[in-house]
Amino acid sequence: MTNHLIIIENQEDWAPYFPSVQVVTVDNYLQKPSQLSKGRAQVINLCHSLDYLSPGYYCSMVSEARGHKVIPSIRTINDLSRKSLYGYDITELAPQLEKRISATDNREHTHFVANVFFGQCDIKPLQKLARQIYDQFPCPILEIEFSRKHHWQISQVKAGAIDKLLDNEQDSFANALDNFDRKLWRKPSKKRSFRYDMAILHNPEEKMPPSDATALKRFIQSGRRIGIDVELITPKDYVRLAEYDALFIRETTATNNHTYKFARRAESEGLVVIDDPTSIIRCTNKIYLKELLAANNLPMPESHLLYRNDDGGMEKICNEVAFPLVMKIPDGAFSKGVIKVNSPQELRLHAADFFQQSAIILLQEFMYTDYDWRIGMFNNKPIFACQYFMSIPKHLQNAGLNC
């Protein structure tokens, strides 16, 4: 089970908050390694200064050397010290400033500072923007300085200090910390402890989820039998990822939605993650798989790529390839973006719609089957082979197509 440590510079820094044995000074953490600093740990570095070679800087550095997960990381500390870097990184956020600041009480000012605690901002119109900046620079306390000349801009992003917080800010910080790591304040469980913590990302509203409620329940039960505490999470729990040792994604993955963002973040935090970002990129695109099979001389249905605005390629396929064909959007899943075309006329008709979504369409010979063969891979090793039966969607029932 992961140990949680809050590192402060002086005991007085924690006086406004509830006492905890998990709050230790930076001197004790650095100079007196004990059971608190051994093994797996999640470290929250709240030192006054994170300047280069300061105690706060060494706290994060030593944490990473000990194999601990620490916020802020050394990379974040270094990035925040380089104005040119974060100025470049947040340029894409600038267009949002005018609209969002106009909805705040600061619209008549030329300068103000917004505090962000673990990605949470009390200025509600700026919450989404604050979260985006926090995702780029994960740090317990961030100060975002806004200034206006001809238009609003972010003039500085820097780490804040716990000893500088006002009374109302202390309340906001405590609430944000509680939301970031609720396990820190729970009473010790009388149940047996677990060796690892794993999150399962799921979407209760997904119409065709990879795992239904029954399967998810079995995952939880199986994990706990072998010493893994399994918890279901949803997209709103993104900020809590660092609490866990592993992430198991049980939503339909795609590179253009939050599942890929979760996988990237989990991998950067050192979590074991399934599916990992590289696998999501590769396995959610049928063009990649087609080229991979071809490059390795592996058998597959006869396949053709049709390119947008390639009239010659369209004519060649219509005149030389046997119909029917299966036409696929490269990133389709669960038979979405998959249809059967029985003639060149149908191909031309439906291709126009498909090209609205993708610059390339995959065409494959039609091969009827009652089931697919599926090979399960884990850590680049095959672990099972099974026959995969799937209910045929209504729009494919008359086509005799099982995808």
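With this note's numbering as the guide, the letters of the sequence shown map in order to residues 1311 to 1713. Don't be surprised by glycine CBs; every beta carbon is placed ideally from N, CA and C.
Tell me whether residue 1436 sits in a helix, a strand or coil according to DSSP, three-state version.
-> Three-state result, residue 1436: helix.
Residue 1553 (DSSP reduced to helix, strand or coil) = helix
Three or more C-beta pairs below 8 Å linking the region 1349-1362 and the region 1516-1531 = The way I'd put it, the region 1349-1362 doesn't touch the region 1516-1531; fewer than three beta-carbon pairs between them come closer than 8 Å.
For residue 1329, which residues from the same chain have a beta carbon less than 7 Å from its beta carbon, with the 5 sequence-adjacent residues on both sides left out?
-> none
Using DSSP bridges, identify the partner residues of residue 1461.
-> For residue 1461, which the question treats as bridged, DSSP gives no partner whatsoever.
Pair within 9 Å by beta-carbon distance, residue 1557 and residue 1354 | no
At least three beta-carbon pairs within less than 8 Å, the region 1559-1567 to the region 1452-1462 = Cβ pair count under 8 Å is below three, so no.
Hey, could you find the ends of the alpha helix (DSSP H) residue 1678 is sitting in?
-> Neither: residue 1678 is in no alpha helix (DSSP H) and is coded neither H nor E.
Start-end ranges of the beta strand (DSSP E) lying completely within the region 1338-1389, minimum 3 residues = 1351-1355 and 1379-1381
What do you get for residue 1642, buried or exposed, if any count of 16 or more other CB atoms within 10 angstroms of its CB means buried?
-> buried
Find the nearest neighbour of residue 1590 within the set 1580, 1625, 1437 and 1570, judged by alpha-carbon distance.
-> 1570
May I ask which residues mark the beginning and end of the alpha helix (DSSP H) holding residue 1568?
-> For residue 1568, the enclosing alpha helix (DSSP H) has its first and last residue at 1568-1578.
Hey, residue 1672 and residue 1640 are a contact pair by Cβ (cut 8 Å); roughly how many whole angstroms apart?
-> 6 Å
Exposure label - residue 1575; buried when at least 16 CB within 10 Å | With 16 or more other Cβ atoms within 10 Å, it is buried.
Rounded to whole angstroms, what's the CA-CA distance from residue 1584 to residue 1327? Just pull it up for me.
-> 37 Å
Range covered by the beta strand (DSSP E) that runs through residue 1638 = According to the DSSP assignment, residue 1638 belongs to the beta strand (DSSP E) that extends over 1635-1638.
State the Cα-Cα distance for the pair residue 1660 and residue 1520, rounded to the nearest angstrom.
-> Roughly 28 Å between the two C-alpha positions.
Locate the beta strand (DSSP E) running through residue 1652, then write down its first and last residues.
-> Annotation: residue 1652 is outside any beta strand (DSSP E) and is labelled neither H nor E by DSSP.
Under three-state DSSP, which class holds residue 1606?
-> Coil.
Rounded C-alpha distance that separates residue 1548 from residue 1542 = For residue 1548 and residue 1542, the distance between alpha carbons rounds to 12 Å.
If you count every other CB in all the chains shown that lies within 10 Å of the CB of residue 1685, and 16 or more means buried, which is it?
-> exposed
Look up residue 1662 in the DSSP assignment and say whether it is helix, strand or coil.
-> helix
In whole angstroms, what separates the C-alpha of residue 1698 from that of residue 1681?
-> 5 Å
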